[in-house]
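Residue numbers (this note's numbering), protein chains in the order written: chain L, 1 to 585; chain W, 586 to 996. Just so you know, even glycine gets a beta-carbon here, dropped at the ideal spot from N, CA and C. Contents: one structure, followed by commentary.
Here it is, written out as structure tokens:
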């Protein structure tokens, strides 16, 4: 920093260059008005109507999850509330956003089930069989993708020979599979699926799908042994439903975790056990592009299960590891997105889902999983989407802005009276801080969807006022140093070093508050934390790159360093009876 | 301005000093009374949560196409707010599409609900059939509130660690957190007592206080640390050094508070007086109270409390003891002897001499007291013995003892 004080002009020039670039970007975008929030500009209102019987708790829980989804980035300040007994109302600032609608309504009920039988849709089989084996991909202990489980189009790319070869009688579980060494799955090595079947496509695995619930009540999710036993020997009732089931059907998907499930995925028909692991047992999820195959990037979704989920998975993988005929299925909203086998034991609940994901679908799935599975489903046909007006009258914004600006002008006048010459620096700094804030708000509105609500605007105005505190700390330090007998020019540098430490520490606390609240809080608080962090960073930038160099530069003028009556640093203003020693500077 | 500047210099040099640290029990008592009032208010009156927290009723007014304009919405807002029903004071009115207007209020009882319906019907000329009433849930569910509170706690823990890491004194962390909680309780208490509505804007304001209160405290503590860095070598006790630090930053604190409170005050004025209600008032009131409390607590609570805790440390106590002895020695016993002047009055009572002035002056950086110009009528005054000489160490501190060579450790 010593260098910057030696060349204050350069620092200020660079700072202004940065500001000019910011405004150039704003000019490129072409919007000079910040994106305003729901209260000021209105937005889109999406009404979701739940299907079936929902409890109040379920509805509220779903609203909370949707709130986290729409406010995932936290800067748009959307509101979510429940209405009546079965509706959720989502209000989002700005005009209609179609991708948002799909994000909101995505049900994302992820469940792990065991595959008892699988066959091409045309077949009406058979004895218990497992087929559709995934390819022998490298790597161990990871859920391996069965890229063949979701071919893009039915009837293509599915060599039927694969299935028939695998037909086999049921056998006692857990005996044959101990040869694979249990291994940590912490390595998320790329799994280029060298599958001979169905080349991965970038289309998400959402082929024609339909499901039917098997009327079966004995099994439930509680026991993995039950699930394993059921896998090898499904009850006849389910098998009958399975055999009579034809794909594709247009029946709606009903995915009850406690019951076996028959579902179609592409050209495959699956008979699945009751859910053994629920989506609610997922603690985190993220999208990753682990590698590429045949020139195509394969996106996967990494998930981490909680302790109970991890325990179940450990037992399951121990029992099933290595047997390529023992498949389990990852079922999302009744659709099989992947049906791999366990190559090794998975001890710590880290899994990887691969299917035919592209970047968008992988990220969307990760978001849905991370922010939880919705406990209820919605009637897509009754979802309404309408434009709503602002909830506040227009005069509120005008009044708020007027008041804020009047307040800032009063602040300037006060600084001018008290600090005289240095007050000019305060005014210039406040103006620069205001300009920087405005530019960044405009840029962030475009890039991050940052919207300003009325409290947000008031908060930013107040923050600019609080920003002035840095200058006051600095100026008081300079004056203290001068009272200690230093000359003006020396005092500026000595005061700067001390004021800098103080301001950095104090601003660090504020930034800490902003970051913590941004990470942990939800909804409106997130947007606030964002604005708070932004204004604090602007404060620091202006303080370091504008205020200090300006004062250093001004200290070269005799007006200041000789202590002119109006400089704010004269003996009378400092309360001294004489010029400070060395006042010649 | 000149006088204020002079004050700044006097405060800095310690020539004039306000005893913040010494009168700490007074400040504790004042804060205690305010906090008890706040807690009682919270306990008995509770907070008046807004529609975002408790949900409420939503009236959907179906209108002929094209009639659902912003002007009509504004008209409805004014009309419903003017019904005088407290739950409808913070009414939210939005247009939805081109043919309906949504009116949201806090939960209403049937009578109030009828009044509101009638008001709506009259204001925009619709029939009962065009009005549907729904119950809406809070947009600030338990989950959102829970997460915010989690965030708050994580922040408090991190801030304790941060302040400890920066100052290397957990007592500073403790004092800063106490001051912060003090500010939060007072702010929330004011809301409870005044019955103002708690909305997300209020929460935003309260959270801003977190940063502001700590910012202020850190600045003052930074000065305290600077003044107490070489405490062993200084002529001040910890409490005096801390008090000097507060005095030295007093001008900054005042200026900062003025500068921060002016814009908030302006917004509060417009929000509360001109507009009457709405998010501006909610935000500005929380900010105004919190900032004022924050400035107060960093001076009157945090620093005295720090000095208070510090005064129990063995090292600080020992230093204080030593200083006491040193001052006794350094005090000019003959300071009360007047220098001779021609018009010197003779024959005043020597007991009336303000002897107490001598040690008080000595506290401020070891300045020699100014000689009194009053004449006493006598020359040298031998001070009376303070008591029999005790066999203890000369200056009240532990004296080194010499031990036999065999008992000393190997060097």
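Cut-off 6 Å between Cβ atoms - residues of its own chain near residue 640 of chain W, not counting five sequence neighbours on either side
Working through the second chain from its first residue, we reach residue 640 of chain W at position 55. Answer for residue 640 of chain W: 721, 722 and 723, listed in chain order.
Is the segment 767-781 of chain W in contact with the segment 612-628 of chain W, if contact means three or more CB pairs nearer than 8 Å?
Touching, yes, given that three or more Cβ pairs across the two stretches are closer than 8 Å.
Please confirm whether residue 716 of chain W has its beta-carbon closer than 8 Å to some beta-carbon of chain L.
Taking the first residue of the second chain as position 1, residue 716 of chain W is located at position 131. Chain L contact via Cβ: absent.
Quick one: what does DSSP say residue 784 of chain W is sitting in, helix, strand or coil?
Residue numbering aside, residue 784 of chain W sits at position 199 when the second chain is read from its first letter. Of the three classes helix, strand and coil, the one that applies to residue 784 of chain W here is coil, per DSSP.
By the criterion of Cβ-Cβ separation under 9 Å, what are the contact partners of residue 528 of chain L in chain W?
Numbered from 1 along the first chain, position 528 holds the residue referred to as residue 528 of chain L. Within 9 Å Cβ-Cβ: 785, 788, 789, 792 and 793.
Identify, in the order they occur along the chain, each residue of the same chain with its Cβ nearer than 6 Å to the Cβ of residue 715 of chain W, setting aside the five sequence neighbours on each side.
Along the second chain, read from residue 1 onward, the residue named residue 715 of chain W stands at position 130. Leaving aside the five residues that flank residue 715 of chain W on each side, the residues in its chain whose CB is nearer than 6 Å to its CB run, in chain order, 647.
Contact set between residue 588 of chain L and chain W, taken where Cβ atoms lie within less than 8 Å:
Any property of residue 588 of chain L remains undetermined from this structure, which presents chain L solely from 1 to 585.
What number of angstroms, rounded off, separates the C-alpha of residue 823 of chain W from the C-alpha of residue 754 of chain W?
Indexing the second chain from 1 puts residue 823 of chain W at position 238. Indexing the second chain from 1 puts residue 754 of chain W at position 169. Taking the straight line from one Cα to the other gives about 14 Å.
Could you check how far apart the C-beta atoms of residue 62 of chain L and residue 282 of chain L are, in whole angstroms? I think they sit under 8 Å.
For the purposes of this step, residue 62 of chain L is taken as residue 62 along the first chain, with counting starting at 1. For the purposes of this step, residue 282 of chain L is taken as residue 282 along the first chain, with counting starting at 1. Contact flag wrong, Cβ pair sits at about 17 Å.
Looking at the C-beta of residue 828 of chain W, does it have a partner C-beta in chain L at a distance below 8 Å?
For the purposes of this step, residue 828 of chain W is identified with residue 243 of the second chain, where counting begins at 1. Chain L, which has no Cβ nearer than 8 Å to the Cβ of residue 828 of chain W, makes this no.
Do you know offhand how far residue 763 of chain W's Cα is from residue 343 of chain L's?
Start at 1 with the first residue of the second chain, and residue 763 of chain W comes out as number 178. Start at 1 with the first residue of the first chain, and residue 343 of chain L comes out as number 343. Going by the C-alpha atoms only, they are around 56 Å apart.
In chain L, which residues lie less than 7 Å from residue 719 of chain W when you measure between Cβ atoms?
Along the second chain, read from residue 1 onward, the residue named residue 719 of chain W stands at position 134. Within chain L, the residues near residue 719 of chain W are 83 and 84.
Neighbour-count burial assignment, residue 137 of chain L, 16 or more Cβ in a 10 Å radius:
Working through the first chain from its first residue, we reach residue 137 of chain L at position 137. No answer about residue 137 of chain L holds up, because its pLDDT of 33 lies below 50 and its placement is not dependable.
Measure from the C-beta of residue 620 of chain W to each C-beta in chain L and report whether the shortest distance is under 8 Å.
By one-based count along the second chain, residue 620 of chain W stands at place 35. It does not; no Cβ of chain L falls within 8 Å.
In chain order, what residues of the segment 505-519 of chain L put their CB closer than 8 Å to some CB of chain W?
505, 506, 507, 508, 509, 510, 512, 513, 514, 516, 517 and 519
Output, in chain order, the set of chain W residues within a Cβ distance shorter than 7 Å of residue 455 of chain L.
Taking the first residue of the first chain as position 1, residue 455 of chain L is located at position 455. The contact set of residue 455 of chain L on chain W, defined by CB atoms closer than 7 Å, consists of 786, 789, 864 and 868 in chain order.
Please return the same chain residues whose Cβ sits closer than 6 Å to the Cβ of residue 126 of chain L, not counting the five positions on each side in sequence.
Start at 1 with the first residue of the first chain, and residue 126 of chain L comes out as number 126. In this prediction, residue 126 of chain L scores a pLDDT of 39, lower than 50, which makes its location untrustworthy; the coordinate-derived value is nonetheless stated afterwards. Counting only Cβ-Cβ distances below 6 Å, and skipping sequence neighbours, we find nothing.
Among L:42, L:44 and L:69, nearest to residue 364 of chain L - alpha-carbon criterion:
As a working note, residue 364 of chain L is residue 364 in the first chain. Out of L:42, L:44 and L:69, L:69 has the C-alpha closest to the C-alpha of residue 364 of chain L.
Mind checking whether residue 425 of chain L and residue 542 of chain L have CB atoms under 8 Å apart?
Residue numbering aside, residue 425 of chain L sits at position 425 when the first chain is read from its first letter. Residue numbering aside, residue 542 of chain L sits at position 542 when the first chain is read from its first letter. Not in contact: residue 425 of chain L and residue 542 of chain L (Cβ atoms no closer than 8 Å).
Under a Cβ-count criterion, where at least 16 other Cβ atoms within 10 Å of its own Cβ denotes burial, should residue 231 of chain L be classed as buried or exposed?
Locating residue 231 of chain L in the first chain gives position 231, counting from the first residue. It is buried - the Cβ of residue 231 of chain L has at least 16 other Cβ atoms within 10 Å.
If you draw a straight line from the alpha carbon of residue 59 of chain L to that of residue 12 of chain L, how long is it in whole angstroms?
For the purposes of this step, residue 59 of chain L is taken as the residue at position 59 of the first chain. For the purposes of this step, residue 12 of chain L is taken as the residue at position 12 of the first chain. When rounded, the distance between both Cα atoms is 55 Å.
Rounding to the nearest angstrom, what Cα-Cα distance links residue 629 of chain W and residue 903 of chain W in this structure?
Stepping through the second chain from its first residue, residue 629 of chain W is reached at position 44. Stepping through the second chain from its first residue, residue 903 of chain W is reached at position 318. When rounded, the distance between both Cα atoms is 47 Å.
With DSSP as the reference, identify every bridge partner of residue 299 of chain L, one or two as the case may be.
Taking the first chain and counting its residues from 1, the one referred to as residue 299 of chain L is at position 299. In the DSSP assignment, the residues bridged to residue 299 of chain L are L:357.
Taking the alpha helix (DSSP H) that residue 338 of chain L falls in, what are its first and last residues?
The count along the first chain starts at 1 and reaches residue 338 of chain L at position 338. Note, residue 338 of chain L: premise wrong, no alpha helix (DSSP H); beta strand (DSSP E) at 335-338.
Any chain W beta carbon closer than 8 Å to residue 277 of chain L:
For the purposes of this step, residue 277 of chain L is taken as residue 277 along the first chain, with counting starting at 1. Judged by the 8 Å Cβ criterion, residue 277 of chain L is not in contact with chain W.
Does the Cβ of residue 468 of chain L have 16 or more other Cβ atoms within 10 Å, making it buried, or fewer, making it exposed?
Within the first chain, numbered from 1, the residue matching residue 468 of chain L stands at position 468. Looking at its Cβ environment, which holds 16 or more other Cβ atoms inside 10 Å, residue 468 of chain L is buried.
DSSP state of residue 93 of chain L, grouped into three classes?
Here residue 93 of chain L refers to the residue found at position 93 of the first chain. Residue 93 of chain L falls in the strand class under three-state DSSP.
Verify whether the separation of the beta carbon atoms of residue 765 of chain W and residue 799 of chain W is less than 8 Å.
Taking the first residue of the second chain as 1, we reach residue 765 of chain W at position 180. Taking the first residue of the second chain as 1, we reach residue 799 of chain W at position 214. Result yes, Cβ atoms of residue 765 of chain W and residue 799 of chain W sit closer than 8 Å.
What does DSSP give as the partner residue(s) for residue 272 of chain L in the beta ladder?
Translated into positions along the first chain, residue 272 of chain L becomes position 272. Answer is L:115 and L:261, bridged to residue 272 of chain L.
If you pair each beta-carbon of the segment 826-841 of chain W with each one of the segment 476-494 of chain L, do three or more pairs fall below 8 Å?
yes
Delimiting residues of the alpha helix (DSSP H) encompassing residue 719 of chain W:
Within the second chain, residue 719 of chain W is the residue found at index 134, counting from 1. Element bounds for residue 719 of chain W: not the alpha helix (DSSP H) but the beta strand (DSSP E), 716-721.
In terms of alpha-carbon separation, which member of L:484, L:413 and L:435 lies closest to residue 460 of chain L?
What you label residue 460 of chain L is simply residue 460 of the first chain in a count that begins at 1. Ranked by how close their Cα comes to the Cα of residue 460 of chain L, the residues L:484, L:413 and L:435 have L:435 in first place.
Tell me, to the nearest whole angstrom, how far the beta carbon of residue 694 of chain W is from that of residue 653 of chain W; I am working on the premise that it is less than 8 Å.
The residue labelled residue 694 of chain W in the question sits at position 109 within the second chain. The residue labelled residue 653 of chain W in the question sits at position 68 within the second chain. Rounded, the Cβ-Cβ distance is 28 Å, inconsistent with contact.
Counted within 10 angstroms of its Cβ, other Cβ atoms place residue 329 of chain L as buried (16 or more) or exposed
Here residue 329 of chain L refers to the residue found at position 329 when the first chain is read from its first residue. Per the 10 Å Cβ criterion, buried.
Indicate the three-state DSSP secondary structure (helix, strand or coil) for residue 642 of chain W in the structure shown.
Residue numbering aside, residue 642 of chain W sits at position 57 when the second chain is read from its first letter. Of the three classes helix, strand and coil, the one that applies to residue 642 of chain W here is strand, per DSSP.
So, is the C-beta of residue 782 of chain W closer than 8 Å to a C-beta in chain L?
Position 197 of the second chain holds residue 782 of chain W. Chain L contact via Cβ: absent.
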